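Anchor point for the sequence shown: position 78 equals 70 in this note's numbering, and the numbering is continuous, going up by one each time. Where is the CB? At the ideal position from N, CA and C, for every residue including glycine. Note that the structure is a prediction, hence the values are computed from the model and not measured.
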Amino acid sequence: MALRDPKILNSLTVDVGLIVLFVLQHSLMASDRVKHWTCNCFGVLQRTVYVFCTDLSLQLLMRYWQPVQDGPMLWNTNTEPWITWVPLICFVLHFISWLIIFSIILIFDYAELMGVKQVYYYCLGMGDPLAVKSSRALRLYSHLRHPLYVEFLLILWAVPCLSLDRLLLASLFTIYLTCAHSLDEQDYLYLRAQLDKKFQIFSREEAAYGRLLAQNGPSDYKDN
């Protein structure tokens, strides 16, 4: 069996350790007790420190990840007639997933999620940016800070070849995302309403630009 191969077993052990490191960092630092401690230590930089530690753990995971190239694969489409269509389908699914992720980032206050807005508000004496959020937004944040469940599952599983290390990554992150996912219908309705508002704003800006372009002509823009 593949798991009896010391080389494969060592690689999978390292990969499990890297995933556990990320999960522990991402979950423990988001707990109320650790968050309270980091607030006391770093103040307004608490969210920035959390994002930095998350980025660091992700970099460690990507840098030291051990691929299992010699082991068996759950599926492999590098043969005809699948070698062309399956990678193309996976690419389309990944593209759509990342596009949805980007649209959700537009709904969320990404400057606040990154910890930048807290520092900006603090320098201007405006207090906590979460204090001006609506109750529906705070309710959504309390359930999940980044509601990207289905999209991440597609990115994890929709691959032309599923090796043992990829199976391990997809399985453990699926379990982690499932345990952390707690959105309900009210959160979905709020997200849908916010996305519609964003699209309306973009549509008005595009329409205004089109009217301005029609009035002045493209040559005037080139001259300016």
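- Message: Between R128 and Y182, how many whole angstroms is the CB-CB distance? I'm expecting something under 8 Å.
- Response: Taking the Cβ atoms as the reference, R128 lies roughly 5 Å from Y182, within the contact range of under 8 Å.
- Message: Suppose contacts are defined by Cβ-Cβ distances below 7 Å. Is V60 in contact with T69 by that definition?
- Response: no
- Query: If you run the structure through DSSP and keep just helix, strand and coil, what is L154?
  - Reply: Taken through DSSP and simplified to helix, strand or coil, L154 comes out as strand.
- Message: The alpha helix (DSSP H) that contains Q38, what's its start and end?
- Response: 38 to 56
- Message: Between Q58 and D7, how many whole angstroms is the CB-CB distance? I'm expecting something under 8 Å.
- Response: 6 Å
- Query: So what does DSSP say about N68, is it helix, strand or coil?
  - Reply: In the structure shown, N68 sits in a strand (DSSP, three-state: E or B).
- Neighbourhood of Q17 by C-beta, 6 Å cutoff - its chain only, sequence neighbours within 5 removed: C45, S49
- Message: Could you give the first and the last residue of the continuous alpha helix (DSSP H) run that contains F100?
- Response: First-last for F100: undefined, no H or E at that position.
- Could you check which residue in L164, T166, A150 has the C-alpha nearest to that of F83? A150
- Query: How long is the line joining the alpha carbons of F144 and I96, rounded to whole angstroms?
  - Reply: For F144 and I96, the distance between alpha carbons rounds to 13 Å.
- Task: Can you give me the start and stop residues for the alpha helix (DSSP H) that H18 sits inside?
- Result: -2 to 20
- Message: I'd like to confirm something about K(-1): is its beta-carbon nearer than 6 Å to some heavy atom of the ligand ATP, or not?
- Response: This structure does not include the ligand ATP; it has no bound ligands of any sort.
- Task: Please confirm whether M65 and S155 have their CB atoms less than 7 Å apart.
- Result: yes
- Measure the alpha-carbon distance for I147 versus H86 and round it to whole angstroms. Going from the Cα of I147 to the Cα of H86 covers about 6 Å.
- Between which two residues does the alpha helix (DSSP H) carrying Q110 extend? 108 to 115
- Could you check the C-alpha separation between F94 and T5 for me, to the nearest Å? 33 Å
- Shortest alpha-carbon distance to Y180 belongs to which of Y141, G107, V111? Y141
- Query: Given F165, which residues of its chain have a CB within under 8 Å of its CB, disregarding the five upstream and five downstream residues?
  - Reply: Excluding its 5 nearest sequence neighbours in each direction, F165 has C-beta neighbours in its own chain below 8 Å: I11, F144, L148, listed in chain order.
- Please confirm whether V15 and Y168 have their CB atoms less than 7 Å apart. Between V15 and Y168, the gap from beta carbon to beta carbon is short of 7 Å.
- Query: In this structure, does DSSP put V84 in helix, strand or coil?
  - Reply: helix
- The alpha helix (DSSP H) with D24 in it runs from where to where? 24 to 34
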